[in-house]
Amino acid sequence: MSILIWCLLIAGLLPIAAKAPVVYFQNRDAGYDNRHPRAQQQRLTGAGARAVAGHYNAYEAFPLYATAILAVLATNSVSDTNITLAVSYLGLRIAYHILYLANYDKLRSLVWFFAIACPVIMLAQTALAVAAA
């Protein structure tokens, strides 16, 4: 069970970690504009724009994952499969961001699909386990 809680914490920090490349590209763009950082982010192009998109996507992906982890914990449906899916999600999301920055669009999309499948499978398994109980 504690592995799932650690996974939830790490997943919650991923969007914050994904901000680091954004800050790097903002600094390369005539310095970080702390007064209007989002306006500056919208002006970024190339790898900088991809860093921003990856950062936003990290926030977008988190709620489904958090819901899956919390559902597994709340229903006491912790299993080796759910733990494997939870850990796999983290690795896939890290790979997703790296691929986004490196501009490997098709591979990135494939990794995104596998990452989003992890919490979907976790929730489906939990729903089936609860229905069977």
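Counting along the sequence shown from 1, when you hit position 74 you're at 74 in my numbering, and nothing is skipped either side.
All residues carry an ideal CB built from backbone N, CA and C; glycine is no exception.
1. Exposed or buried, which one is L14 when buried takes at least 16 other CB atoms within 10 Å?
2. Along the chain, where does the alpha helix (DSSP H) containing G48 start, and where does it finish?
3. Touching or not, the region 115-127 and the region 88-98, by the rule of three or more beta carbon pairs under 8 Å?
4. Could you check the C-alpha separation between N34 and P63 for me, to the nearest Å?
5. Around the Cβ of V22, are there at least 16 other Cβ atoms within 10 angstroms (buried) or fewer (exposed)?
6. Got a sec, what are the start and stop residues for the alpha helix (DSSP H) L128 sits in?
7. Suppose you measure from the CA of P37 to the CA of G12; what does that come to, to the nearest Å?
Looking at the coordinates:
1. By the 10 Å Cβ count, L14 comes out buried.
2. Per DSSP, the continuous alpha helix (DSSP H) segment holding G48 begins and ends at 47-74.
3. Flag = yes, the region 115-127 and the region 88-98 touch.
4. Rounded to the nearest whole angstrom, the C-alpha separation of N34 and P63 is 27 Å.
5. Buried.
6. Run containing L128: 105-132, per the alpha helix (DSSP H) assignment.
7. Between P37 and G12, the C-alpha separation is close to 22 Å.
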